[in-house]
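Participant: Mind having a look at this structure? Questions to follow.
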Amino acid sequence: MAYFDVIVVGAGHNGLVAAAYLALEGLSVAVVEKSCLPGGCVRTDELFPGYKVNMYSLEQYLIHSTPIIQELGLSQYGLRYYDIDPTIFSPFRDGRYMVFYKDVEKTIRHIESFSTHDAKAYRKFVEDFDPLNELLGGLAMAPPISMLDLATDLQGTQSEKLFQVLFTSAKEILDETFETEYLKVPIAFLGPAAIGLQPSQKGTGWTVAWHLSARKLSRPYGGSGALIDALVRMLQAHGCTILLNSEVEKITISQGRTTGVELVGGTRLESKFVLSACDPKQTFLRLVGADNLDSDFVSDVRKIKISNGIAMKADYALSGLPNYSCEPTKNLVNECHRAAGFISESLEDLERAYDEYKYGRNPKEPGLMVALPSSVDPSLAPEGMHVLSLETRYTPFKLETGEDWDEIKYEVADQLMDIYSEYAPNVKELVVGKYAGSPLDWQRDLNLPNGNFFHVDMSLDQMFSLRPLPGFSGYKTPIAGLYVTGAGTHPGGGVSGLPGHNASQVLLRDHLQKP
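Take 1466 as the starting number for the sequence shown in the numbering used here and just add one per residue.
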């Protein structure tokens, strides 16, 4: 029977980041993954011959606010990034468009072309919300502190301002600040909508600053999965064992302490510590089992909120470049193609889409997240060709009609293309291949609850010291030697690597018995 210091369950990017930090400290580590490929949501596959597609995760900006890439030395293992500027592009049917640049002054000059009021308001907005972003970024780098401790640590009006923002809605802040939808829509999209929340929902105000973090946006050459490739090479260089096609049947426990894992088929692996990167409900209810946990704790786990899906995604192989109606330059790559795209006409349209989604209906006009990474990285498609991804907000996992996603997903994908073609009229004639990934596919392919890549809803009542549960937000669990990481833990989803980083540091302190 094989023995390791630590067994990591799940080879998503957080599981791999955690394993990397543990291996750097000389621990013997095994990563056990159900799939035939590592990476989870951060994968790039050759979906069509010659076309490489980012299968799930589209962009990477959060990880660049962390020291992870540098501390793990991932550039030594082939990871290289290219800069993206502008970072965000939102077209509108009236021919106008909004772009956000890394240079705030350049963004303000663009805003002045359609609203002097909003240009002045945006300057003040950045001055007010950049410090909030820095505060939240600092809080994300360690196990969460309680709201009470946070209020105590902050000074007077600083504390009051933070809590005012925390408890209001993004829509209220945006409506009070700006007069045009050109700013409101992309800010709300890369805010509450990005995490599957309604812009008018109380407790989403703190997300309006997230688009400012996109100033760190850069993409790996070769696609999002290049991050995973570098992590795997780094782990192999440090003697880590990575077991693919190896599903964990259960986490083994003796006298209240984990002793390792048992795989489907009966193979047992022993370890002093187990770190689960699976979602919390699956970790506790399936892998640990209710019989090994206090009944009150089990009841609390069952109450963890996981939305009825969030998104679906359609990917296309194109024979040429989409031309946007709002951009007069035709057949040439421009800033509209390079940036991360967000398409919706108004906050009301996003609200309407959410209302349809929450009742289990596919929205008639969902918001679209758009990526054309081949416009900057030619390695992703044959010469002169491109890959296009359209991802929705919001799409339900269970449909009110009882329809089968396997039967309707390509019909829904065609509806998304119809919407996109209103902004890029030539795109339909360019399509030479298409793939639709539904919330059901995401559940089956990635073991995601309801196809939800955040594992646990990112509503305010399940964030910070409340994620995934009050009293168990610091990556430790009621089982000695068992730790949790992944999107369902602090600070949440997105390609940051911070849940993996933070959980590994907690485990290392316990292993080394340091305060």
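Glycine included, every Cβ here is placed at the ideal spot set by N, Cα and C. Just so we're clear, the structure is a prediction, and the values are computed from it rather than from any experiment.
Is the beta carbon of Gly1965 sitting closer than 8 Å to the one on Ala1476?
Facilitator: As a position in the sequence shown, residue 1965 is number 500, starting the count at 1. As a position in the sequence shown, residue 1476 is number 11, starting the count at 1. Not a contact, by the Cβ cut-off of 8 Å.
Participant: Count the CB pairs spanning the segment 1580-1596 and the segment 1913-1923 that are closer than 8 Å, and state whether there are at least three.
Facilitator: no
Participant: Short of 8 Å in beta carbon distance, which residues of its chain neighbour Glu1637, apart from the five on each side in sequence? Order them along the chain.
Facilitator: For the purposes of this step, residue 1637 is taken as residue 172 along the sequence shown, with counting starting at 1. Excluding sequence neighbours, Glu1637 sits near Ser1665 and Gly1670.
Participant: With a threshold of 8 Å, are at least 3 pairs of Cβ atoms found where one atom belongs to the segment 1725-1736 and the other to the segment 1921-1941?
Facilitator: no
Participant: Between His1703 and chain B, is there a C-beta pair that is closer than 8 Å?
Facilitator: Judged by its chain identifiers, the structure shown contains no chain B, having just a single protein chain.
Participant: Tell me where the beta strand (DSSP E) around Val1471 begins and ends.
Facilitator: As a first step, residue 1471 is located in the sequence shown; it is residue number 6 there, counting from the start. Residue range Ala1467 to Val1474 is occupied by the beta strand (DSSP E) that includes Val1471.
Participant: What distance in whole Å lies between the Cβ atoms of Leu1972 and Leu1615, which are believed to be in contact at a cut-off of 8 Å?
Facilitator: Position 150 of the sequence shown, counted from the start, is the residue given in the question as residue 1615. Position 507 of the sequence shown, counted from the start, is the residue given in the question as residue 1972. Leu1615 to Leu1972, Cβ: 24 Å. No contact.
Participant: Expressed to the nearest angstrom, what Euclidean distance is found between the alpha-carbon atoms of Arg1751 and Lys1715?
Facilitator: Within the sequence shown, the letter at position 286 stands for residue 1751. Within the sequence shown, the letter at position 250 stands for residue 1715. Roughly 7 Å between the two C-alpha positions.
Participant: Just the C-alpha distance for Pro1980 and Cys1743, rounded to the nearest angstrom, thanks.
Facilitator: Taking the sequence shown and counting its residues from 1, the one referred to as residue 1980 is at position 515. Taking the sequence shown and counting its residues from 1, the one referred to as residue 1743 is at position 278. With a pLDDT of 49 at Pro1980, under the threshold of 50, the predicted position of this residue should be treated as unreliable, though the coordinate-derived value follows. Those two C-alpha atoms are separated by around 27 Å.
Participant: So, for Tyr1468: in the same chain, excluding its five sequence neighbours on each side, which residues have a beta-carbon less than 6 Å away from its beta-carbon?
Facilitator: By one-based count along the sequence shown, residue 1468 stands at place 3. Glu1735.
Participant: Going by C-alpha distance, which of Pro1828, Ala1804 and Ala1805 is nearest Leu1815?
Facilitator: As a first step, residue 1815 is located in the sequence shown; it is residue number 350 there, counting from the start. Leu1815 has its Cα closest to that of Pro1828, out of Pro1828, Ala1804 and Ala1805.
Participant: Assign Ser1760 to one of two classes, buried (16 or more other C-beta atoms within 10 Å of its C-beta) or exposed (fewer than that).
Facilitator: The residue you call residue 1760 lines up with position 295 of the sequence shown. Exposed is the call here.
Participant: Is the separation between the beta-carbon of Phe1565 and that of Thr1572 shorter than 8 Å?
Facilitator: The residue you call residue 1565 lines up with position 100 of the sequence shown. The residue you call residue 1572 lines up with position 107 of the sequence shown. Yes, the pair counts as a contact, with Cβ atoms nearer than the cut-off.
Participant: Identify, in the order they occur along the chain, each residue of the same chain with its Cβ nearer than 6 Å to the Cβ of Ser1540, setting aside the five sequence neighbours on each side.
Facilitator: Locating residue 1540 in the sequence shown gives position 75, counting from the first residue. No residues qualify anywhere along the chain.
Participant: Touch check for the segment 1897-1907 and the segment 1636-1656: three-plus C-beta pairs under 8 Å?
Facilitator: Under the 8 Å Cβ criterion, the segment 1897-1907 does not count as touching the segment 1636-1656, having fewer than three qualifying pairs.
Participant: Name the DSSP beta bridge partners of Lys1899, please?
Facilitator: Here residue 1899 corresponds to residue number 434 of the sequence shown, with the count starting at 1. Under DSSP, the beta-bridge partners assigned to Lys1899 are Tyr1781.
Participant: Use the C-beta contact count for Gly1951: other C-beta atoms within 10 angstroms, 16 or more gives buried, fewer gives exposed.
Facilitator: By 1-based counting over the sequence shown, the position of residue 1951 is 486. Under this definition Gly1951 is a buried residue.
Participant: Taking the Cβ atom as the reference point for each residue, do Ala1605 and Pro1935 lie within a distance shorter than 8 Å?
Facilitator: Here the question's residue 1605 lines up with position 140 in the sequence shown. Here the question's residue 1935 lines up with position 470 in the sequence shown. No, the pair does not count as a contact, with Cβ atoms beyond the cut-off.
Participant: With DSSP as the reference, label Arg1733 as helix, strand or coil.
Facilitator: Reading the sequence shown from its first residue, position 268 is the one you call residue 1733. Correct three-state label for Arg1733: strand.
Participant: Span of the beta strand (DSSP E) holding Arg1858?
Facilitator: Counting from one through the sequence shown, the residue named residue 1858 turns up at place 393. Going by DSSP, Arg1858 is part of the beta strand (DSSP E) stretching over His1851 to Arg1858.
Participant: Just the C-alpha distance for Glu1641 and Asp1550, rounded to the nearest angstrom, thanks.
Facilitator: Position 176 of the sequence shown, counted from the start, is the residue given in the question as residue 1641. Position 85 of the sequence shown, counted from the start, is the residue given in the question as residue 1550. Looking at the two C-alpha atoms, the distance is approximately 28 Å.
Participant: Enumerate in chain order the residues of its own chain whose CB-to-CB distance from Gly1687 is below 8 Å, with the five nearest sequence positions on each side excluded.
Facilitator: The residue you call residue 1687 lines up with position 222 of the sequence shown. Taken in chain order, the residues that qualify are Thr1509, Lys1517, Asp1694, Asp1842, Ser1844 and Leu1845.
Participant: Leaving out five residues before and five after Gly1983 in sequence, what residues of the same chain have Cβ atoms less than 6 Å from its Cβ?
Facilitator: In the structure as shown, the chain begins at 1466 and stops at 1980. Residue 1983 is therefore absent and cannot be evaluated.
Participant: Taking DSSP as the reference, what is the three-state secondary structure of Pro1980?
Facilitator: Position 515 of the sequence shown, counting from 1, holds the residue named residue 1980. Below a pLDDT of 50, predicted positions are generally treated as unreliable, and Pro1980, at 49, falls in that range; the measurement from the model is reported next regardless. Here Pro1980 sits in coil by DSSP.
Participant: When you compare only the Cα positions, how much space is there between Tyr1822 and Gln1927?
Facilitator: Counting from 1 along the sequence shown, the entry for residue 1822 is found at position 357. Counting from 1 along the sequence shown, the entry for residue 1927 is found at position 462. Answer to the nearest angstrom: the Cα atoms are 21 Å apart.
Participant: What does Ala1805 pair with, by DSSP beta-bridge criteria?
Facilitator: The residue given as residue 1805 occupies position 340 in the sequence shown. According to DSSP, Ala1805 bridges with Ile1553.
Participant: For Phe1654, count neighbouring C-beta atoms within 10 Å of its own C-beta (all shown protein chains included) and say buried if the count is 16 or more, exposed if not.
Facilitator: In the sequence shown, the residue the question calls residue 1654 occupies position 189. Per the 10 Å Cβ criterion, buried.
Participant: Hey, would you say Phe1862 sits closer than 8 Å to Leu1905, going by beta carbons?
Facilitator: What you label residue 1862 is simply residue 397 of the sequence shown in a count that begins at 1. What you label residue 1905 is simply residue 440 of the sequence shown in a count that begins at 1. Taking 8 Å as the Cβ cut-off, Phe1862 and Leu1905 qualify as a contacting pair.
Participant: Can you give me the C-alpha to C-alpha distance between Pro1787 and Gln1908, rounded to a whole angstrom?
Facilitator: Translated into positions along the sequence shown, residue 1787 becomes position 322. Translated into positions along the sequence shown, residue 1908 becomes position 443. Taking the straight line joining both Cα atoms gives about 31 Å.
Participant: Report buried or exposed for Gly1480, applying the criterion of at least 16 other Cβ atoms within 10 angstroms of its Cβ.
Facilitator: Position 15 of the sequence shown, counted from the first residue, corresponds to residue 1480. Per the 10 Å Cβ criterion, buried.
Participant: Given a threshold of 16 other Cβ atoms within 10 Å of its Cβ, counted over all protein chains shown, does Asp1756 qualify as buried or as exposed?
Facilitator: In the sequence shown, counting from the first residue as 1, residue 1756 sits at position 291. Counting Cβ neighbours within 10 Å, Asp1756 comes out exposed, since fewer than 16 surround it.
Participant: For Val1591, collect the residues of the same chain with a Cβ closer than 6 Å to its Cβ; drop the 5 residues on either side in sequence, then sort them by chain order.
Facilitator: As a first step, residue 1591 must be located in the sequence shown, where it is residue number 126. Val1569, listed in sequence order.
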